[in-house]
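Numbering (our numbering), first residue to last: 2 to 331.
By construction, the Cβ of each residue, glycine as well, lies at the ideal position given by its N, Cα and C atoms.
Data first, discussion second: the structure below is written as structure tokens.
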């Protein structure tokens, strides 16, 4: 067992510097040591820009590198499952970008492989590792809100570039996959149970891809839920989550990127309070949790099994909206 985690990056995705490369620079137990991309030239440019020592000519070569302990997988959605499985076969731990896979069936396949491997497989819901989300979980589980009546989450931001891969069905794109996976994960966190999808309505971009989605949910205990996701709609920007109970309301502004700005408001029958937390990046907290799991076996919330439950809801939303669940990229 090493005393630090050597990470290889699959692809030169724009999220990789924010999610892993920069946080690793301030970590004493993580180091990005290698990168591979679709073209060697692109990988070399990325490596030179970010001070990464080794460039591999292919994803397969990176996975075969004995000096790589773990892989960060920020590939397009439809490739997440394939290359996470390949990384596990190569004996590497995996930090996989959300959404975990193209659909729930593929997520179950990866979860089964993860369990059999004994390796760490973490879905990169970075927001979940910030003290803000930890506090939200603490408040809801404490029962201070009383029996829940309704939970909701909105993740809406503008992406007017329709050539972006997030609008490409062949790469498992769509608003529900990109923004909506966060909203689903948030209502699952707030709701405390696995919801049933009651209805959904998409704003389409082409025959199979959604640019926005709304869905209504119901939880086994009786409380309702709703999710709103948008990449391009009249709701230009909305990042929030809310839990309404018989005794009060919890509202969170910007749970997704609290390092930029955020606010947690708790309104109970006898008091009101507001809390804020530090400006340290959600991605830095996530990398801390990933390395702690790899090096010391510490537990973490965004497991492969948790990802199966999120993807199950996402598939159900697509079906309720009359759209097909996404498929792995062939």
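- Residue pairing by DSSP places residue 292 opposite no residue, since no beta bridge is assigned to it.
- DSSP places residue 46 within a helical segment (H, G or I) once states are collapsed to three.
- C-alpha of residue 296 to C-alpha of residue 234: approximately 43 angstroms in a straight line.
- Distances from the alpha-carbon of residue 195 to those of 157, 225, 237 put 225 closest.
- Taking residue 81 as reference, the option from 99, 68, 128 with the minimal CA-CA separation is 99.
- As DSSP reads the structure, residue 239 sits in a beta bridge with 157.
- The beta-carbon separation of residue 36 and residue 48, rounded to 5 angstroms, stays under the 8 angstroms limit for a contact.
- At the C-beta level, residue 298 and residue 269 stay beyond 9 angstroms of one another.
- For residue 192, the enclosing alpha helix (DSSP H) covers residues 181-192.
- For residue 32, the three-state secondary structure derived from DSSP is strand.
- Between the beta-carbon of residue 184 and that of residue 229 there is about 7 angstroms, and that keeps the pair under the 8 angstroms contact cut.
- Here the alpha carbon of residue 40 sits roughly 20 angstroms from the alpha carbon of residue 85.
- If only uninterrupted alpha helix (DSSP H) runs of at least 4 residues are considered, those enclosed by the region 95-165 are 105-118, 132-143.
- Across the set 32, 263, 72, 42, the C-alpha of 32 shows the shortest separation from the C-alpha of residue 54.
- If you ignore the 5 residues before and after residue 259, its C-beta comes within less than 6 angstroms of the C-beta of 131, 133, all in its own chain and listed in chain order.
- Take the alpha-carbon of residue 25 and the one of residue 292: they are about 10 angstroms apart.
- Annotation for residue 77: 166, 172 place their beta carbon closer than 6 angstroms to its own, counting only its chain and skipping 5 residues before and after.
- Between the alpha carbons of residue 254 and residue 265 lies a distance of about 6 angstroms.
- The region 87-99 and the region 267-282 do not touch, with fewer than three beta-carbon pairs separated by less than 8 angstroms.
- Look at the beta carbons and you see the region 283-291 not touching the region 51-66: under three pairs across the two are nearer than 8 angstroms.
- An exposed status is given to residue 223, since fewer than 16 other beta-carbon atoms sit within 10 Å of its beta-carbon.
- The C-beta of residue 237 has fewer than 16 other C-beta atoms within 10 Å across all chains shown, which makes the residue exposed.
- Cβ-Cβ distances below 7 angstroms link residue 246 to 146, 147, 148, 149, 150 in the same chain, with the five nearest sequence neighbours on each side left out; the list follows chain order.
- The C-beta separation of residue 244 from residue 152 comes to about 5 angstroms, placing the pair in contact by the 8 angstroms criterion.
- Annotated three-state conformation of residue 16 is helix, per DSSP.
- For residue 327, no pairing in a beta bridge is given by DSSP.
- Here residue 231 is buried: its Cβ has 16 or more other Cβ atoms, across all protein chains shown, within 10 Å.
- Relative to residue 168, the option among 307, 208, 124 whose CA is nearest is 208.
- Partner residues in the beta bridge of residue 201, as assigned by DSSP, are 216.
- Secondary structure at residue 282: coil, using DSSP grouped into helix, strand and coil.
- Residue 276 is bridged by DSSP to 265.
- For residue 306 against residue 112, the beta-carbon gap comes to about 5 angstroms, under 8 angstroms, which counts as contact.
- About 19 angstroms separates the Cβ atoms of residue 70 and residue 51, ruling out a contact at the 8 angstroms cut-off.
- Nearest C-alpha to residue 9 among 23, 28, 56: 56.
- An exposed status is given to residue 261, since fewer than 16 other beta-carbon atoms sit within 10 Å of its beta-carbon.
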